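Colleague: Chains as they are written, first to last, in our numbering: chain S, 181 to 453; chain G, 181 to 453. All residues carry an ideal CB built from backbone N, CA and C; glycine is no exception. Remember, it's a predicted structure, so these values are computed and weren't measured experimentally. If you scroll down you'll find the structure; I have some questions about it.
Here is the structure:
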């Protein structure tokens with residue numbers, strides 16, 4: 181039921197990450213099929229001219245004028261791009277300039293303010309990524325006391341991508357630790373985790389989904405069989421219940437949704453996130 | 181030269197990722213110190229009431245009303261939150277509803293539209309993360325033909341976090357491969373990379389910075405010494421120059437900036453990113 185075709189241009193004098201993030205809002209309009217064109221580092225009149233030509237061409241190709249989300253600090257470039265007909269969402273006009281009035285300040289207008297290495301917390305995010313990669317899948321017990329959260333759950337339930345998202349997006353040091361058959365036989369969480377109970381957060385998953393994910397790696401294995409997946413999941417949930425660990429089902433949640441849920445449940449300094 | 185304190189509330193009925201991304205624009209106002217408060221999954225009147233109380237409290241604490249970036253599909257919740265005095269940036273009012281007029285469509289108003297597992301390309305992003313983790317640091321040659329980009333450079337120049345960012349944010353299958361002393365002695369790129377020359381992209385780094393990064397891992401080592409870093413970097417740049425590989429300096433560029441640069445240089449289907 182796609183009814184129309186449009187192009188979405190993300191035009192920025194920096195990375196275009198912020199403008200691109202706003203582009204996610206187009207998912208509220210599933211009846212339009214958008215072709216996304218990113219034009220980062222558009223910081224000269226020549227590049228603006230080239231962007232303008234692409235805008236005109238897309239209008240011809242699609243039969244509709246495009247949506248343009250733009251973040252350009254230089255006012256001359258802003259005016260120049262708008263000579264081409266399009267539906268413009270101008271982050272400076274719409275947000276930054278009015279916000280400056282509220283705050284009583286002139287905004288910085290240099291390129292790439294929002295995503296430079298000078299931005300708040302960049303170093304913390306890089307540290308968190310390194311920590312998370314070094315504490316993936318229970319690979320070491322060393323330094324777990326530095327973790328801000330430790331995700332636990334059966335193998336292939338989504339711990340790794342969720343940990344990485346927490347680190348990359350929010351600068352959270354997120355370790356993760358698998359729950360494995362030896363733990364289920366013993367009927368206890370791995371002993372190394374006992375002293376970190378306040379940082380544990382569980383992921384679970386539906387057996388059908390787990391079996392399908394595991395089958396991609398090891399088809400026709402006992403490990404991937406629906407029966408084994410059911411038993412592992414039940415055992416893991418029992419362990420977590422017994423230890424008082426909160427958990428959430430990853431089956432139909434994105435890493436963004438899982439991360440937002442985890443951040444709500446763990447206590448962190450407000451400024452961190 | 182912080183002149184004022186404010187709170188920034190990110191209030192969403194979903195993850196708040198899009199609203200939070202827009203919060204990056206506050207970095208255009210360095211004279212205000214913002215305390216960020218994320219309130220995802222705010223989807224009931226009770227939660228709105230609690231958010232309203234936090235807004236009032238922050239005004240007392242900071243001496244200024246907060247900035248609220250909100251994404252709430254339900255119009256009653258939108259009205260209810262605004263009973264508290266704040267500077268509101270309402271993504272539905274400011275963007276989604278006007279865009280609906282342009283597109284001639286009613287927007288979806290359900291919670292969490294933008295970041296559900298149903299969103300465009302979620303599965304591709306998860307595949308890309310798995311691929312990238314499985315092809316980090318030259319760990320395997322298998323499947324390199326599936327890579328969309330292969331980052332190369334000396335050890336610790338930023339290949340891993342950049343690869344992960346490309347995968348997580350854009351769904352790009354990004355392998356990375358270290359250039360090591362054996363390659364420099366031979367004076368050639370690793371032979372496995374020869375058949376993938378069109379996918380190679382180089383990272384380089386300033387010697388002082390590399391030495392400092394390596395020293396965190398292996399203090400006082402030959403590996404981390406400024407002299408060795410200088411030689412490795414010169415050799416790596418020579419190799420890349422000889423092979424016609426484009427490279428960029430990671431020293432003062434964030435992973436967002438590096439990724440945006442890489443995406444500009446490699447050829448990808450437009451809809452992918």
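1. Provide the residue span of the beta strand (DSSP E) that contains residue 218 of chain G, from first to last.
2. For residue 332 of chain G, which of G:417, G:395, G:210, G:408 has the nearest alpha-carbon?
3. Would you tell me roughly how many angstroms separate the C-alpha atoms of residue 311 of chain G and residue 188 of chain G, rounded to the nearest one?
4. Check the Cβ of residue 274 of chain S against every Cβ in chain G and list those closer than 7 Å, keeping chain order.
5. Can you pull out the residues from the segment 329-357 of chain G whose beta carbon lies closer than 8 Å to at least one beta carbon of chain S?
6. So what does residue 292 of chain G bridge to, in DSSP terms?
7. Does any residue of chain S bring its CB to less than 8 Å from the CB of residue 195 of chain G?
8. State the Cα-Cα distance for the pair residue 380 of chain S and residue 329 of chain S, rounded to the nearest angstrom.
9. For residue 204 of chain G, name the three-state secondary structure that DSSP assigns.
10. Once you ignore the five residues that flank residue 345 of chain G on each side, which residues in its own chain have a CB closer than 6 Å to its CB?
11. Tell me residue 275 of chain S's beta-bridge partners as DSSP assigns them.
12. Let's see if you can read the secondary structure: which residues bound the alpha helix (DSSP H) around residue 393 of chain S?
13. Give the residues of chain S in contact with residue 292 of chain G, contact being defined as C-beta atoms less than 8 Å apart.
14. By a C-beta neighbour count over all protein chains shown, 10 Å radius and 16 as the cutoff for buried, is residue 323 of chain G buried or exposed?
15. Pull up the distance between the alpha-carbon of residue 290 of chain S and that of residue 396 of chain G, whole angstroms please.
16. Please confirm if residue 405 of chain S has its CB atom under 8 Å from at least one CB of chain G.
17. With distances taken Cα to Cα, identify the nearest neighbour of residue 350 of chain G among G:277, G:198, G:306, G:262.
18. Just verifying my parser: in three-state terms, what is the DSSP assignment at residue 192 of chain S?
19. May I have the straight-line CA-CA distance separating residue 382 of chain G from residue 423 of chain G, to the nearest angstrom?
20. Less than 7 Å between C-beta atoms, sequence neighbours within five positions excluded: which residues of the same chain meet that for residue 260 of chain S?
21. Pull up the distance between the alpha-carbon of residue 371 of chain S and that of residue 364 of chain S, whole angstroms please.
22. Would residue 446 of chain S count as contacting chain G if we go by Cβ distances under 8 Å?
23. Can you find a CB in chain S that lies within less than 8 Å of the CB of residue 311 of chain G?
24. For a contact meaning CB atoms closer than 9 Å, what does residue 220 of chain S contact in chain G?
25. Compare the C-beta of residue 263 of chain G against all C-beta atoms of chain S and say whether one is closer than 8 Å.
26. Counting only Cβ pairs nearer than 7 Å, list the residues of chain B close to residue 269 of chain G.
27. By DSSP, does residue 415 of chain S sit in helix, in strand, or in coil?
28. Indicate whether residue 208 of chain S and residue 276 of chain G have their beta-carbon atoms separated by less than 8 Å.
29. Do residue 192 of chain G and residue 220 of chain G have their beta-carbon atoms positioned less than 8 Å apart in this structure?
30. Taking a Cβ distance cut-off of 8 Å, strictly less, list which residues of the segment 187-211 of chain S are near chain G, in chain order.
31. To which residues of the same chain is residue 308 of chain G closer than 7 Å at the C-beta, ignoring the five residues directly before and after it?
32. If you reduce the DSSP assignment to three classes, tell me which class residue 185 of chain S lands in.
33. Using a Cβ cut-off of 9 Å, pull out every chain S residue sitting near residue 391 of chain G, in sequence order please.
34. Tell me which residue opens and which closes the beta strand (DSSP E) that residue 356 of chain S is part of.
35. Quick one, are the C-beta atoms of residue 249 of chain S and residue 199 of chain S less than 8 Å apart?
36. Measure the beta-carbon distance from residue 369 of chain S to residue 419 of chain S and round it to whole angstroms, keeping in mind my assumption that it falls under 8 Å.
Modeller: Once the coordinates are examined:
1. Your numbering for residue 218 of chain G matches position 38 in the second chain. Note, residue 218 of chain G: beta strand (DSSP E), 212-219.
2. Start at 1 with the first residue of the second chain, and residue 332 of chain G comes out as number 152. Taking only the C-alpha atoms, the option nearest residue 332 of chain G is G:417.
3. Counted from its first residue, the second chain places residue 311 of chain G at position 131. Counted from its first residue, the second chain places residue 188 of chain G at position 8. If I take the Cα positions, the gap works out to 36 Å.
4. Your numbering for residue 274 of chain S matches position 94 in the first chain. What residue 274 of chain S touches in chain G: 274.
5. 340, 341, 344, 345, 348, 349
6. What you label residue 292 of chain G is simply residue 112 of the second chain in a count that begins at 1. DSSP output for residue 292 of chain G lists no bridge partner at all.
7. Here residue 195 of chain G refers to the residue found at position 15 when the second chain is read from its first residue. Residue 195 of chain G counts as touching chain S.
8. Indexing the first chain from 1 puts residue 380 of chain S at position 200. Indexing the first chain from 1 puts residue 329 of chain S at position 149. If I take the Cα positions, the gap works out to 6 Å.
9. For the purposes of this step, residue 204 of chain G is identified with residue 24 of the second chain, where counting begins at 1. Helix at residue 204 of chain G.
10. Within the second chain, residue 345 of chain G is the residue found at index 165, counting from 1. Excluding positions up to five away in sequence, the list reads 435, 439.
11. On the first chain, position 95 is the one that residue 275 of chain S refers to. For residue 275 of chain S, which the question treats as bridged, DSSP gives no partner whatsoever.
12. The residue labelled residue 393 of chain S in the question sits at position 213 within the first chain. Where residue 393 of chain S is concerned, the enclosing alpha helix (DSSP H) stretches over 387-397.
13. For the purposes of this step, residue 292 of chain G is taken as residue 112 along the second chain, with counting starting at 1. Simply 437.
14. Here residue 323 of chain G refers to the residue found at position 143 when the second chain is read from its first residue. Classification for residue 323 of chain G: exposed.
15. Against the first chain, residue 290 of chain S aligns to sequence position 110. Against the second chain, residue 396 of chain G aligns to sequence position 216. Straight-line Cα distance between these residues: approximately 32 Å.
16. As a working mapping, residue 405 of chain S is identified with position 225 in the first chain. Output row for residue 405 of chain S: interface = no.
17. Looking up residue 350 of chain G in the second chain gives position 170. Minimum Cα distance to residue 350 of chain G is reached at G:306.
18. Position 12 of the first chain holds residue 192 of chain S. Strand.
19. As a position in the second chain, residue 382 of chain G is number 202, starting the count at 1. As a position in the second chain, residue 423 of chain G is number 243, starting the count at 1. Residue 382 of chain G and residue 423 of chain G: Cα-Cα distance of roughly 11 Å.
20. For this step, residue 260 of chain S is matched to residue 80 along the first chain. So the list reads 225, 228, once near-sequence residues are dropped.
21. By one-based count along the first chain, residue 371 of chain S stands at place 191. By one-based count along the first chain, residue 364 of chain S stands at place 184. For residue 371 of chain S and residue 364 of chain S, the distance between alpha carbons rounds to 13 Å.
22. Taking the first residue of the first chain as position 1, residue 446 of chain S is located at position 266. By this cut-off, residue 446 of chain S is not an interface position.
23. For the purposes of this step, residue 311 of chain G is identified with residue 131 of the second chain, where counting begins at 1. Not an interface residue.
24. Stepping through the first chain from its first residue, residue 220 of chain S is reached at position 40. Here the neighbours are 437, 440, 441, 443, 444.
25. As a first step, residue 263 of chain G must be located in the second chain, where it is residue number 83. No, no contact with chain S.
26. Judged by its chain identifiers, the structure shown contains no chain B, and its protein chains are S and G.
27. In the first chain, residue 415 of chain S corresponds to position 235, counting from 1. If DSSP states are grouped into helix, strand and coil, residue 415 of chain S belongs with the helices.
28. Here residue 208 of chain S corresponds to residue number 28 of the first chain, with the count starting at 1. Here residue 276 of chain G corresponds to residue number 96 of the second chain, with the count starting at 1. Closer than 8 Å, so yes.
29. For the purposes of this step, residue 220 of chain G is identified with residue 40 of the second chain, where counting begins at 1. For the purposes of this step, residue 192 of chain G is identified with residue 12 of the second chain, where counting begins at 1. Yes.
30. 194, 195, 196, 197, 198, 201, 202, 204, 205, 206, 207, 208, 209, 210, 211
31. The count along the second chain starts at 1 and reaches residue 308 of chain G at position 128. Cβ within range, chain order: 347, 351, 352, 353.
32. As a position in the first chain, residue 185 of chain S is number 5, starting the count at 1. Strand.
33. In the second chain, counting from the first residue as 1, residue 391 of chain G sits at position 211. By Cβ distance, chain S contributes nothing, its closest Cβ being about 17 Å from residue 391 of chain G, past 9 Å.
34. Reading the first chain from its first residue, position 176 is the one you call residue 356 of chain S. 354-359 is the span of the beta strand (DSSP E), which, as asked, contains residue 356 of chain S.
35. Position 69 of the first chain holds residue 249 of chain S. Position 19 of the first chain holds residue 199 of chain S. Cβ distance < 8 Å, so residue 249 of chain S and residue 199 of chain S count as in contact.
36. As a working mapping, residue 369 of chain S is identified with position 189 in the first chain. As a working mapping, residue 419 of chain S is identified with position 239 in the first chain. Between residue 419 of chain S and residue 369 of chain S the Cβ distance is about 6 Å, and since that is below 8 Å, they are a contact.
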